[in-house]
Amino acid sequence: MSVSMNRPEGSVAPVESANSAISWGPIIGGAVAATGITLILLLLGSGVGLTMVSPWSAQSASAGSIGITAAIWLVVVQWLSSAFGGYLTGRLRTKWAAVHTDEVFFRDTAHGFMSWALATIFVAGFLASSLTSLAGAGAQAVSTAATTASVAGTAAAASSGAPAADLSTSYFTDVLLRPEQNRTRATADENASAAEISRILLNSVAQGEVSDDDKNYLATVVASRTGLSDADAKARVDVVLKRIDDAKAAAQKAADQARKAAVTTTLLGSLSLIIGAFIASAAAALGGRQRDEEEDLIRTRL
């Protein structure tokens, strides 16, 4: 303790400890322990989650059930790891001598919070690196698929005698060059008709509807290729277009369910992190109090 020479006699000088109020050793130790517990529980949850998925649709759980189960498990993982890491942080720190009880409680709480924050950064970094690796593998697969599709599209165009062009351009080119006698053309060049029908269907998927002219043209080509009457050919075209619309609706429904599951998981994850920070702080305060009580008990016995 140092007292200034200019301080009036009888005044009280502030007492400052030479030791820091923060102990990085227990914080790092608790964070490492919490990270280890998190990774172990995440691997366990991944193994359990794989048992819910099956290549046979009748034996696999629904996407909603899998998403809810994963969200609940993430909450459990966060709480357990936070409690364990925070408790270790409180028990491993040294006793702060000549420090008020309220100050000890605050320091233990702050140490637990910092241990939780450090563990969260560790886990986030690990998951980010894993997701980056997965994204790189996915991007490579998409690039390979795109290259394969491009080669296949070029080969198909070459076999049909049509140049490889943009889908929309090809579609409008087909519209401009449609002959007046559709039946004659469909019978003469079956490959060209099949390729043109494919472009019409793809364009309808992109535009969201099929025009009446395209429907009539499709019915004419189907009638010439299959020998059906005009009415039966139009009915077949309507059935196929209905199946395409149903497939689009199913895909949109699946995408919406995935979006809702992602929103639920994000909200639960945020809430879980907040509660995890509180649990880690409370566990550190509990561990610190038990550590001081044990030391006082030992001193009393001595």
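Just so you know, the sequence shown maps onto residues -10 to 291 in this note's numbering.
C-beta atoms are modelled at their ideal positions from N, C-alpha and C, and glycine is treated no differently.
> Would you report the Cα separation of T143 and S187, rounded to the nearest angstrom?
Replying inline: Because T143 sits at a pLDDT of 46, beneath the cut-off of 50, its placement in the model cannot be relied upon, and the point is left open.
> How many Å lie between S71 and W105 at the Cα?
Replying inline: 6 Å
>> In whole angstroms, give me the CA-to-CA distance for S213 and D202.
In response: 17 Å
> Any idea if G265 is buried or exposed, counting beta-carbon neighbours within 10 angstroms, 16 or more meaning buried?
Replying inline: buried
>> What residue range does the alpha helix (DSSP H) around A208 cover?
In response: If you look at A208, you'll find it in the alpha helix (DSSP H) that goes 201 to 215.
> Thinking C-alpha only, which one of A108, S9, G25, A23 is nearest R96?
Replying inline: S9
> Pick from A23, T27, W62: whose alpha carbon is nearest that of G38?
Replying inline: W62
> Mind checking whether F102 and A20 have CB atoms under 8 Å apart?
Replying inline: Against a cut-off of 8 Å, the Cβ pair of A20 and F102 comes out as no contact.
>> If I measure Cβ to Cβ from L123 and keep anything under 8 Å in the same chain, skipping five residues before and after, which residues do I get?
In response: For L123, the pLDDT reaches just 49, beneath the cut-off of 50, and the residue's location in the model is therefore unreliable, leaving the point undetermined.
> What's the C-alpha gap between L256 and W68?
Replying inline: 15 Å
> Can you give, in chain order, each stretch of the beta strand (DSSP E) that sits fully within the region 230 to 264 and has at least 3 residues?
Replying inline: Listed in chain order, there is nothing to give.
> From E283 to Y76, what does the alpha carbon distance come to, in whole angstroms?
Replying inline: Distance between the alpha carbons of E283 and Y76: 15 Å.
> What number of angstroms, rounded off, separates the C-alpha of R225 from the C-alpha of V65?
Replying inline: 54 Å
> From the beta carbon of I26, is the nearest beta carbon of chain C less than 8 Å away?
Replying inline: Looking at the structure shown, chain C is missing, and only one protein chain is on hand.
> Since T24 contacts A108 with CB under 8 Å, what's their CB separation in whole angstroms?
Replying inline: In this structure T24 touches A108 by the C-beta definition: roughly 5 Å separates them, less than 8 Å.
> Can you give the Cα-Cα distance for Q279 and W85, rounded to whole angstroms?
Replying inline: Here the alpha carbons of W85 and Q279 stand approximately 14 Å from one another.
> Mind checking I11: buried by the 16 CB within 10 Å criterion, or exposed?
Replying inline: exposed
>> Once DSSP output is grouped into helix, strand and coil, what is the label at R82?
In response: Here R82 sits in coil by DSSP.
>> What would DSSP say about E92, mapped onto helix, strand or coil?
In response: helix
> Under a three-way DSSP split, which group does A273 fall into?
Replying inline: In the three-state DSSP reduction, A273 falls in the helix class (H, G or I).
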